[in-house]
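Structure first, then comments.
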Amino acid sequence: MRITIDDVTVTLSGRDILSGIHLIAAEGEIAGLVGPNGSGKSTLLRTVYRHLKPRAGRVMLADRDVRAMTAPEAARHIAALPQERGSDFEFTVREVVAMGRSPYKRAFAGDDDLDREAVAAALRQVGLPEYGHRGFAALSGGERQRVLLARAFAQQPDVLVLDEPTNHLDVQHQVELLALLREQRRTTLISLHDLNAAASLCDRLHVLHQGAVVASGTPREVLTPELLATVFGVRAAVVEHPLTGDPLIAFDHHTPASLMGRAAAGSA
Ligand SMILES: Nc1ncnc2c1ncn2[C@@H]1O[C@H](COP(=O)(O)OP(=O)(O)OP(=O)(O)O)[C@@H](O)[C@H]1O
């Protein structure tokens, strides 16, 4: 299902946090949002999963405005992994993942076989098939992250909206998550701080800077040394990954923005 973010402006506490955002994620496309801290990535994702209401513009799923959907209807289409996550739930892992099934159920209805299979499949997908009985609160940060992803998968949505899903994950689980998302081929809008992960995963990247989209295109088109210097304030070379052929950003960790002349960045 296609997502269209159509000229969206979001105002919080009297300030325009996002201005005139236009962005499309085509059916089955993995669209990445990248940008420095505070550039508006989470705000845009929250607007897509209806946590925030745009002051102007609209978010469309296929040809429907998400604000015109009922909550269960929206939840059957969109599953979100937000950045703010409660950690002290007094629930088991199975119960947390089963919450992803609620859009398909009547109030207070129990789980049926389909729900149980969806929950078990989602736990297998995130590599935690034996964790169902464990207490959610007692898990490590990375395990919790994977359980919350399983909840999003159990929701069997058309669209996944993921805010920094690799946070807390060790490198093996980061790689597994990216593989899983590629394999699902679901329309996905994902924010990532790890630009190399974004370059390897995303079909298209959208760069946010001070609440506006300043570049959109394939990772190769977007992730240039010039953009990395002007938007992210880092000096970097972009080379070809020797194993995968993806763009690989080699950061210069020695030169902070304060010492980085534009000329030096351009010559990287
Ligand atoms: N409820 C709010 N009221 C006022 N300002 C807010 C509110 N929520 C976020 N902001 C501001 O909006 C801007 C964008 O925040 P947002 O969390 O969307 O950025 P981000 O790109 O996701 O950042 P990060 O990479 O640090 O997670 C920030 O300056 C933030 O302080």
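Residues 649 to 916 in the working numbering are what the sequence shown lists, from first letter to last. All C-beta atoms, glycine included, are put in the ideal place defined by N, C-alpha and C.
Heavy atom of ligand 1 within 7 Å of residue i beta-carbon
| i | result |
| --- | --- |
| residue 881 | no |
| residue 685 | yes |
| residue 790 | no |
| residue 691 | yes |
| residue 688 | yes |
| residue 776 | no |
| residue 771 | no |
| residue 663 | yes |
Run of the beta strand (DSSP E) containing residue i, from where it starts to where it stops
| i | result |
| --- | --- |
| residue 656 | 651-660 |
| residue 725 | Looking at the DSSP string, residue 725 is not in any beta strand (DSSP E); the run it does join, the alpha helix (DSSP H), is 719-725. |
| residue 864 | 860-865 |
Residue i - partner residues in DSSP beta bridges
| i | result |
| --- | --- |
| residue 899 | 884 |
| residue 838 | 680, 810 |
| residue 707 | 653 |
| residue 669 | 656 |
| residue 664 | 659 |
| residue 783 | 740 |
| residue 712 | 709 |
Residue i, enclosing alpha helix (DSSP H) - first and last residue
| i | result |
| --- | --- |
| residue 797 | 789-802 |
| residue 857 | Segment 852-857 is the beta strand (DSSP E) holding residue 857; no alpha helix (DSSP H) there. |
Integer Cβ distance of residue i from residue j, believed to fall under 8 Å
| i | j | result |
| --- | --- | --- |
| residue 710 | residue 852 | No, residue 710 and residue 852 are not in contact; Cβ-Cβ is about 18 Å, not under 8 Å. |
| residue 834 | residue 809 | About 11 Å; that fails the 8 Å criterion. |
| residue 856 | residue 681 | 6 Å |
| residue 747 | residue 792 | Actually they do not touch by this definition, with Cβ atoms about 14 Å apart. |
Residue i to residue j span [Cα, whole Å]
| i | j | result |
| --- | --- | --- |
| residue 745 | residue 796 | 7 Å |
| residue 849 | residue 677 | 10 Å |
| residue 916 | residue 814 | Residue confidence is low: residue 916 scores 45 on pLDDT, short of 50, so the model does not pin down where it sits. No coordinate-derived value is stated. |
| residue 721 | residue 727 | 11 Å |
| residue 700 | residue 669 | 14 Å |
| residue 737 | residue 743 | 10 Å |
| residue 900 | residue 874 | 14 Å |
| residue 859 | residue 717 | 26 Å |
| residue 911 | residue 883 | Residue confidence for residue 911 is low, a pLDDT of 47 falling below 50, so the modelled location carries little weight; the figure read from the coordinates is stated next. Near 10 Å, if we compare the C-alpha coordinates of residue 883 and residue 911. |
| residue 837 | residue 775 | 22 Å |
| residue 696 | residue 658 | 11 Å |
| residue 885 | residue 740 | 46 Å |
| residue 770 | residue 763 | 11 Å |
| residue 758 | residue 843 | 42 Å |
| residue 903 | residue 877 | 11 Å |
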